[in-house]
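**Q** After the structure tokens below, expect a handful of questions from me.
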Amino acid sequence: MPDVVIPIGPHHPALKEPVNFRIIADGEKIVRLELNLSYNHRGIEKAAEQRNFTRVLPLLERVCGICSHSHATAFAKGVEEIMGLEIPPRARYIRTIIAELERMHSHLLWLGVAAHEIGFDTLFMWVWRDREAVMDTLEEMSGNRVHYNMNEIGGVRCDLTPGQIEAALSRLPPLEERIKKYLDMVSSHETLLIRFRGVGRMTREEALQYGAVGPTARASGVDYDARRDDPYLVYGEIPWNVVTDTSGDVYGRTRVRIGELWESSQIVRYCLEHLPEGPIRADAPKNAPKGEILSRYEAPRGELVHFIRTNGTDKAERLDIRTPTLANWTSVAKCLVGHSIADIPVIVAAIDPCLSCTSRMVVVNKERGSGAAAAPCGCIVRQRPAARDRRET
Amino acid sequence: MTGAVTPEMVVEQMKQFGTAARVRNDRFSMQIAPDRLHDAVRTAQALLRFDRLLTISTADTGENFELLYHLIGPHRIILSLSLLLPRGQPSIPTISDLLPPAAIYERQIHDLFGIRFDGHPGLSRLMLNEDWPENEYPLRKDWKPDPGRFYGGIKEGGS
Amino acid sequence: MAVPDMGISRRLVNWARQKSPWISVFNSGACNACDIEIIACLMPLFDVERFGILAKGSPRHADILIVTGHVSLKQASRLRRVFEQIPEPKYVIAVGACGASGGVFHGLYHMVERVDSVIPVDIYVAGCPPRPDEIINAVVACLNLMQEDTARGGKEWRQKKQEAGMNSGTARPAGAA
Amino acid sequence: MSDPLQTLAEIFIFPGFLFLVAFALFMAFLDRKIAARMQQRIGPPLFQPLADVVKMLGKEVIDPDGADIRLYDIIPLIAFAAVMTAFLYIPVTGYSPFAFTGDLVVVLYLLAIPAPSLFLLGWLSRNIFSTVGGIRAITQLFIYEVPFFLALLSPAIMAGSWSISAIVSWQQQNLWFIFFQPIGFIVALVGLQAKLERAPFDIPEAETEIIAGPWTELTGRRLALMNLTFSIALVAGSALIAALFLGGPVLPWTLAPAWLNPVAGMGLFLAKTLAVLMLLSSIRVATGRIRIDQLTDIGWKYIAGAAVVQVGIVLVINWLWVVP
Numbered sequence: 011m012p013d014v015v016i017p018i019g020p021h022h023p024a025l026k027e028p029v030n031f032r033i034i035a036d037g038e039k040i041v042r043l044e045l046n047l048s049y050n051h052r053g054i055e056k057a058a059e060q061r062n063f064t065r066v067l068p069l070l071e072r073v074c075g076i077c078s079h080s081h082a083t084a085f086a087k088g089v090e091e092i093m094g095l096e097i098p099p100r101a102r103y104i105r106t107i108i109a110e111l112e113r114m115h116s117h118l119l120w121l122g123v124a125a126h127e128i129g130f131d132t133l134f135m136w137v138w139r140d141r142e143a144v145m146d147t148l149e150e151m152s153g154n155r156v157h158y159n160m161n162e163i164g165g166v167r168c169d170l171t172p173g174q175i176e177a178a179l180s181r182l183p184p185l186e187e188r189i190k191k192y193l194d195m196v197s198s199h200e201t202l203l204i205r206f207r208g209v210g211r212m213t214r215e216e217a218l219q220y221g222a223v224g225p226t227a228r229a230s231g232v233d234y235d236a237r238r239d240d241p242y243l244v245y246g247e248i249p250w251n252v253v254t255d256t257s258g259d260v261y262g263r264t265r266v267r268i269g270e271l272w273e274s275s276q277i278v279r280y281c282l283e284h285l286p287e288g289p290i291r292a293d294a295p296k297n298a299p300k301g302e303i304l305s306r307y308e309a310p311r312g313e314l315v316h317f318i319r320t321n322g323t324d325k326a327e328r329l330d331i332r333t334p335t336l337a338n339w340t341s342v343a344k345c346l347v348g349h350s351i352a353d354i355p356v357i358v359a360a361i362d363p364c365l366s367c368t369s370r371m372v373v374v375n376k377e378r379g380s381g382a383a384a385a386p387c388g389c390i391v392r393q394r395p396a397a398r399d400r401r402e403t
Numbered sequence: 791m792t793g794a795v796t797p798e799m800v801v802e803q804m805k806q807f808g809t810a811a812r813v814r815n816d817r818f819s820m821q822i823a824p825d826r827l828h829d830a831v832r833t834a835q836a837l838l839r840f841d842r843l844l845t846i847s848t849a850d851t852g853e854n855f856e857l858l859y860h861l862i863g864p865h866r867i868i869l870s871l872s873l874l875l876p877r878g879q880p881s882i883p884t885i886s887d888l889l890p891p892a893a894i895y896e897r898q899i900h901d902l903f904g905i906r907f908d909g910h911p912g913l914s915r916l917m918l919n920e921d922w923p924e925n926e927y928p929l930r931k932d933w934k935p936d937p938g939r940f941y942g943g944i945k946e947g948g949s
Numbered sequence: 591m592a593v594p595d596m597g598i599s600r601r602l603v604n605w606a607r608q609k610s611p612w613i614s615v616f617n618s619g620a621c622n623a624c625d626i627e628i629i630a631c632l633m634p635l636f637d638v639e640r641f642g643i644l645a646k647g648s649p650r651h652a653d654i655l656i657v658t659g660h661v662s663l664k665q666a667s668r669l670r671r672v673f674e675q676i677p678e679p680k681y682v683i684a685v686g687a688c689g690a691s692g693g694v695f696h697g698l699y700h701m702v703e704r705v706d707s708v709i710p711v712d713i714y715v716a717g718c719p720p721r722p723d724e725i726i727n728a729v730v731a732c733l734n735l736m737q738e739d740t741a742r743g744g745k746e747w748r749q750k751k752q753e754a755g756m757n758s759g760t761a762r763p764a765g766a767a
Numbered sequence: 116m117s118d119p120l121q122t123l124a125e126i127f128i129f130p131g132f133l134f135l136v137a138f139a140l141f142m143a144f145l146d147r148k149i150a151a152r153m154q155q156r157i158g159p160p161l162f163q164p165l166a167d168v169v170k171m172l173g174k175e176v177i178d179p180d181g182a183d184i185r186l187y188d189i190i191p192l193i194a195f196a197a198v199m200t201a202f203l204y205i206p207v208t209g210y211s212p213f214a215f216t217g218d219l220v221v222v223l224y225l226l227a228i229p230a231p232s233l234f235l236l237g238w239l240s241r242n243i244f245s246t247v248g249g250i251r252a253i254t255q256l257f258i259y260e261v262p263f264f265l266a267l268l269s270p271a272i273m274a275g276s277w278s279i280s281a282i283v284s285w286q287q288q289n290l291w292f293i294f295f296q297p298i299g300f301i302v303a304l305v306g307l308q309a310k311l312e313r314a315p316f317d318i319p320e321a322e323t324e325i326i327a328g329p330w331t332e333l334t335g336r337r338l339a340l341m342n343l344t345f346s347i348a349l350v351a352g353s354a355l356i357a358a359l360f361l362g363g364p365v366l367p368w369t370l371a372p373a374w375l376n377p378v379a380g381m382g383l384f385l386a387k388t389l390a391v392l393m394l395l396s397s398i399r400v401a402t403g404r405i406r407i408d409q410l411t412d413i414g415w416k417y418i419a420g421a422a423v424v425q426v427g428i429v430l431v432i433n434w435l436w437v438v439p
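Chains A, V, R and F supply the protein sequences, listed in that same order.
Mapping to the working numbering: the first sequence position 67 is 77, numbers consecutive.
Mapping to the working numbering: the second sequence position 84 is 874, numbers consecutive.
Mapping to the working numbering: the third sequence position 50 is 640, numbers consecutive.
Mapping to the working numbering: the fourth sequence position 140 is 255, numbers consecutive.
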């Protein structure tokens, strides 16, 4: 049977965001794949050099609608460190609360999407229903469901009232019940097990070699978590655990994410209960001194790195964003080969691709039919004689 | 290669390539010559267990392009190898043979800054967009969109 | 409004169109926020299936194309192609501030900025991102527009109105209908 | 069957075309409503499937580039006609007016037609997703059709007849076959689920993998017809299982005024068909989609195995207990 070239995306129901794979399949088996990202490329990094810090924060939130707080916080904490600014404890706690709520909403979203990818729409609906509780909390605290805009250089924009804290705390216990239920469901439901177990397996060595980050890496037993390795906000002061798993497949990634959901809910509870009194922002100077910083932040999808360089003005001279999804693509390309077409959506979904973040500045394109060697390029993992290659229509 | 890697070891082992200066409590930065990059990465990998590439950052300093390779290992020390490339001839050997994830970052930099990575397995003509004109690198400081030029998308009055 | 001289079959089809708008979502380069809010519409809390709205993967099955976000250069030609794949009668809703004007990304280099410079848009929804109820409201507004179009015999009347300068644009804000 | 007018009425009004389409749309509504309620949603209104079909009929028809348009038009019609004909042999009010010896085989044959027609549609459209979906549809056909046949064969063996009406009347005298053959009943349900391409067997139209499979390029009236075909196949399949395993639309005794019998039969038909639908919908809601290779594995190892075991048990029962 000749190889079949199946284009997936950019407009495809499995992908809520645009990306393009050209799957070269032999029957139902994938032998090769070519990635094409950057359908959302906007040029944010260029714009970040032209706008001042106050204006950059809302722009950075819109790098991605799901991990919006991550980008803004990573940038704000980097700039604050360059300025030598110590932000008040209450602001740090509030930032942590929003960050962990965001992680919860992102992981719940992921769990729903993963269930949808295997056609299990009921779980999808249930999870997204529970996610609304998190969204309500976020909306109460910040005024918006998606782009919270809580960050300012030097602190946070708005304070939490006792009523908001009480409401948020009252939403946690039912949510924790549901999280336990999902963990139970994932380890006992037949269709979930047969679609998740052994799919997209990656050993610890491979995860290290291909540079996987976040839950994808932690599911393979790679114990990297920027929250613990390079403590920021309040992660160095409060009790919490890094969740890891050893199975390395989609099942493991699901378990890690549900475990993190639990941890996040505990962090949110702790922070809400131990929220210190005091101001919520420090006076920040308009200009940042000359300096550079590598600001690491554990976004829901993995480690986010902002490289910020300032030059004494109120604008950043250079902002270089390395998103977690970009780091994970190499490992996805590796995982997919040898699996069947039916597993593409779930394996791709398992890294929780946030293409909008990634495409902010990346193009990966494979020269068609080139004899390029395997793994390093991250796009062609196994060689094949040039397949019947149609131009993408 | 037993035992923990200490900051002193990093400074000691990397001395042959340049002076590693402590930037932050866990981050060291050092300036190296572009042609020694490959050796430096290999040394860091082999002797100091820097097994992960955090990212490759790029900056346009005016006359030069600055590349920063941020390496990290299980000891959680970050080593930033910084090197300067002349603007006229920006090219450097790839490190994607040592660290596979570097490939994807190198492509991105090639696309947006026009820096060539020699020996990269798939560094073909990379574009932001299929119709993006040649020799235009949007993240260079001196780049401005040319209003008379077609950058892709939909042409006026047709598909 | 009065529906002049329509056979029973035409009326039946019109009724059916009102009751069963199938949507197809196209991300033309947005930041995901609008997309997740649209998916949230399908979920138990908002449940658009009670209005007969279904999200379909294939544009061939869709009646309404929902475009999220600004149009990046790379997506522009794809957007046009997806639009052409939808069978008539078709309507387009541009969700979010970026779709209308570029929003926070206004002036960046890798984008077309406006959805209506690529395909004709019938309804705009404001917000960054709009809440799910606003998106549902936009679909309802689109259905009203559909009804008005049928009563006037097609979409042309809006074109003429625009040319006559009576109105500034083909589209109306979501809340206006 | 002597009066041609009556025959026409039976074909076009009851229990034929009109009744069947109306009931199929109602079943489609109920299916979606049950799923919605189980997913904690409100779900669509009653007229929703009708609106969908009418709207699709009124949409523009787009011909895929390079497809044989005449064939592309005819295939949905053939599939539609096949399932429609199949239903005529299934008893609705007591006995089917068109019943003859061996009608079970004809019904099974006619119900098998939608899947190959989907394959042909997928193949003809020259769309890669449709083609892959079509191949999956035909692969799946080979997996579920054998157990499904075997499962429905067992009641026929036990009743000693290939006629649905004879099987129904056997159950009227004795017990329902679900008590004799619980395994066969389950296999038949699973087979029907696979035949109708519903979760966990919605592999050919897996939305997240291959967009809509063979349906991707269907527009307008073709889509409407294929949609209706599968709704009707759902009715016909549920009714067939209700007739073969749940005693069919007859009471175990005869009611006093003769006209009450068809009415009671009708009521039983509705109740039993809906009961089967409830089961099918619950399966659909409670599972995710499995992979085609996993289906091959499960299908041949367990489902076909169970069907063979069931046939074996039936043969043993028949040998020990000679049916009068």
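Positions of the beta carbon are idealized from the N, C-alpha and C atoms, including for glycine.
Along chain R, in chain order, which residues have C-beta atoms closer than 8 Å to that of H157 (chain A)?
**A** Taking the first residue of the first sequence as position 1, residue 157 (chain A) is located at position 147. Ordered by position in chain R, the residues that pass the 8 Å Cβ test against H157 (chain A) are A623, C718, P719.
**Q** Check distances from the C-beta atoms of the stretch 394-412 of chain F to those of chain R and list, in chain order, the residues that come in under 7 Å.
**A** So nothing in the stretch comes that close.
**Q** Assuming R167 (chain A) and T226 (chain A) form a contact by the criterion Cβ under 8 Å, report the distance between their Cβ atoms to the nearest whole angstrom.
**A** Here the question's residue 167 (chain A) lines up with position 157 in the first sequence. Here the question's residue 226 (chain A) lines up with position 216 in the first sequence. Not quite, the Cβ-Cβ distance comes to about 32 Å (not below 8 Å), so this is no contact.
**Q** Y859 (chain V) by DSSP, collapsed to three states: which one?
**A** Sequence index remark: in the second sequence, residue 859 (chain V) carries index 69 (1-based). Y859 (chain V): strand per DSSP, three-state reduction.
**Q** Ignoring anything shorter than 3 residues or poking outside the stretch 197-245 of chain A, list the beta strand (DSSP E) runs there in chain order.
**A** Those beta strand (DSSP E) runs which fall completely within the stretch 197-245 of chain A and span 3+ residues do not exist here.
**Q** Taking beta-carbon pairs under 8 Å, can you tell me which members of the stretch 324-349 of chain F lie near chain R?
**A** Under the 8 Å Cβ criterion, the stretch 324-349 of chain F contributes I326, A327, W330, T331, E332, L333, T334, G335, L338.
**Q** Between the beta-carbon of F695 (chain R) and the beta-carbon of V682 (chain R), is there less than 8 Å?
**A** Taking the third sequence and counting its residues from 1, one reaches residue 695 (chain R) at position 105. Taking the third sequence and counting its residues from 1, one reaches residue 682 (chain R) at position 92. No, the pair does not count as a contact, with Cβ atoms beyond the cut-off.
**Q** For the beta strand (DSSP E) that contains D330 (chain A), what are its first and last residues?
**A** For the purposes of this step, residue 330 (chain A) is taken as residue 320 along the first sequence, with counting starting at 1. Looking at the DSSP string, the run of the beta strand (DSSP E) that includes D330 (chain A) is 326-332.
**Q** In or out: Q449 (chain F) buried (at least 16 other Cβ within 10 Å) or exposed?
**A** As shown, chain F starts at 116 and ends at 439. That puts residue 449 (chain F) outside it, with no answer to give.
**Q** In whole angstroms, give me the CA-to-CA distance for H828 (chain V) and S886 (chain V).
**A** The residue given as residue 828 (chain V) occupies position 38 in the second sequence. The residue given as residue 886 (chain V) occupies position 96 in the second sequence. About 10 Å.
**Q** I want to see whether chain F comes within less than 8 Å of S198 (chain A), judged by CB atoms only; does it?
**A** Here residue 198 (chain A) is taken as the residue at index 188 of the first sequence, counted from 1. Judged by the 8 Å Cβ criterion, S198 (chain A) is not in contact with chain F.
**Q** Can the beta-carbon of V223 (chain A) be found closer than 8 Å to that of P310 (chain A)?
**A** Within the first sequence, numbered from 1, the residue matching residue 223 (chain A) stands at position 213. Within the first sequence, numbered from 1, the residue matching residue 310 (chain A) stands at position 300. Result no, Cβ atoms of V223 (chain A) and P310 (chain A) do not sit closer than 8 Å.
**Q** Round the Cβ separation of P326 (chain F) and A139 (chain F) to the nearest angstrom and send it over; I've been treating them as touching at under 8 Å.
**A** If you number the fourth sequence from 1, residue 326 (chain F) lands on position 211. If you number the fourth sequence from 1, residue 139 (chain F) lands on position 24. The sequence as given places Ile at residue 326 (chain F); Pro does not occur at that position. Their Cβ separation, rounded to whole angstroms, is 25 Å, which puts I326 (chain F) and A139 (chain F) out of contact at 8 Å.
**Q** Taking 8 Å as the threshold, find out whether the stretch 200-215 of chain A comes into contact with the stretch 321-330 of chain A through three or more Cβ pairs.
**A** The stretch 200-215 of chain A vs the stretch 321-330 of chain A: no contact.
**Q** Can you grab the Cα-Cα spacing for the pair K190 (chain A) / R267 (chain A), in whole Å?
**A** For this step, residue 190 (chain A) is matched to residue 180 along the first sequence. For this step, residue 267 (chain A) is matched to residue 257 along the first sequence. One C-alpha to the other measures close to 12 Å.
**Q** Quick one: which chain R residues come within Cβ less than 9 Å of G173 (chain F)?
**A** Position 58 of the fourth sequence, counted from the start, is the residue given in the question as residue 173 (chain F). Per Cβ cutoff of 9 Å: S599, R600, L602, V603, N604, A606, R607, P679.
**Q** The alpha helix (DSSP H) with D146 (chain A) in it runs from where to where?
**A** Sequence index remark: in the first sequence, residue 146 (chain A) carries index 136 (1-based). 131-152 is the extent of the alpha helix (DSSP H) around D146 (chain A).
**Q** At 7 Å on the CB atoms, spell out the chain F contacts of G647 (chain R), in chain order.
**A** In the third sequence, counting from the first residue as 1, residue 647 (chain R) sits at position 57. Within chain F, the residues near G647 (chain R) are E322, I326, A327.
**Q** By the criterion of Cβ-Cβ separation under 7 Å, what are the contact partners of D637 (chain R) in chain F?
**A** Translated into the one-based positions of the third sequence, residue 637 (chain R) becomes position 47. Near D637 (chain R) (Cβ distances below 7 Å), the residues of chain F are R156, I157.
**Q** Consider the Cβ of A421 (chain F): report whether some Cβ of chain A lies at a distance smaller than 8 Å.
**A** Residue 421 (chain F) sits at position 306 when you count from the first residue of the fourth sequence. With 8 Å as the cut-off, A421 (chain F) does not count as an interface residue toward chain A.
**Q** Let me make sure I understand the geometry here. Which of F:A271, F:Q288, F:P179 has the alpha-carbon closest to that of T246 (chain F)?
**A** For this step, residue 246 (chain F) is matched to residue 131 along the fourth sequence. Closest option to T246 (chain F), Cα to Cα, is F:P179.
**Q** Measure the Cβ-Cβ separation of I713 (chain R) and F636 (chain R) and say whether it is below 8 Å.
**A** In the third sequence, residue 713 (chain R) corresponds to position 123, counting from 1. In the third sequence, residue 636 (chain R) corresponds to position 46, counting from 1. It is not a contact, given that the beta carbons lie outside the stated cut-off.
**Q** Closer than 6 Å by C-beta to D255 (chain A): which residues in its own chain qualify, once you throw out the five before and the five after it? Chain order, please.
**A** Translated into positions along the first sequence, residue 255 (chain A) becomes position 245. A229, G262, R265, V266.
**Q** Please list the terminal residues of the continuous alpha helix (DSSP H) segment that includes L366 (chain F).
**A** Numbered from its first residue, the fourth sequence carries residue 366 (chain F) at position 251. Premise fails: L366 (chain F) is in no alpha helix (DSSP H) and is neither H nor E.
**Q** With C-beta atoms as the reference, is Y204 (chain F) less than 8 Å away from I128 (chain F)?
**A** Taking the first residue of the fourth sequence as position 1, residue 204 (chain F) is located at position 89. Taking the first residue of the fourth sequence as position 1, residue 128 (chain F) is located at position 13. Contact: no.
**Q** Counting only C-beta atoms, is V372 (chain A) closer than 8 Å to chain R at any point?
**A** Here the question's residue 372 (chain A) lines up with position 362 in the first sequence. Note that V372 (chain A) scores 29 on pLDDT, short of 50, meaning its location in the model is unreliable; the coordinates nonetheless yield the value given after this. Cβ-Cβ to chain R under 8 Å: no for V372 (chain A).
**Q** Can we say the stretch 136-154 of chain F touches the stretch 334-347 of chain F, given the rule of at least three CB pairs closer than 8 Å?
**A** Enough Cβ pairs lie closer than 8 Å, so yes.
**Q** Do L871 (chain V) and N854 (chain V) have their C-beta atoms closer together than 8 Å?
**A** Working through the second sequence from its first residue, we reach residue 871 (chain V) at position 81. Working through the second sequence from its first residue, we reach residue 854 (chain V) at position 64. No, the Cβ-Cβ distance between L871 (chain V) and N854 (chain V) is not below 8 Å.
**Q** Assign W434 (chain F) to buried or exposed, taking buried as 16 or more other Cβ atoms, counted over all protein chains shown, within 10 Å of its Cβ.
**A** Residue mapping note: residue 434 (chain F) aligns to position 319 of the fourth sequence, counting from 1. Exposed: under 16 other Cβ atoms inside 10 Å.
**Q** May I have the straight-line CA-CA distance separating L389 (chain F) from I356 (chain F), to the nearest angstrom?
**A** Position 274 of the fourth sequence, counted from the first residue, corresponds to residue 389 (chain F). Position 241 of the fourth sequence, counted from the first residue, corresponds to residue 356 (chain F). Each residue's alpha carbon lies about 11 Å from the other.
**Q** In its own chain, which residues sit with a C-beta less than 7 Å from the C-beta of Y895 (chain V), not counting the 5 before and 5 after it?
**A** Reading the second sequence from its first residue, position 105 is the one you call residue 895 (chain V). Answer for Y895 (chain V): T845, I846, listed in chain order.
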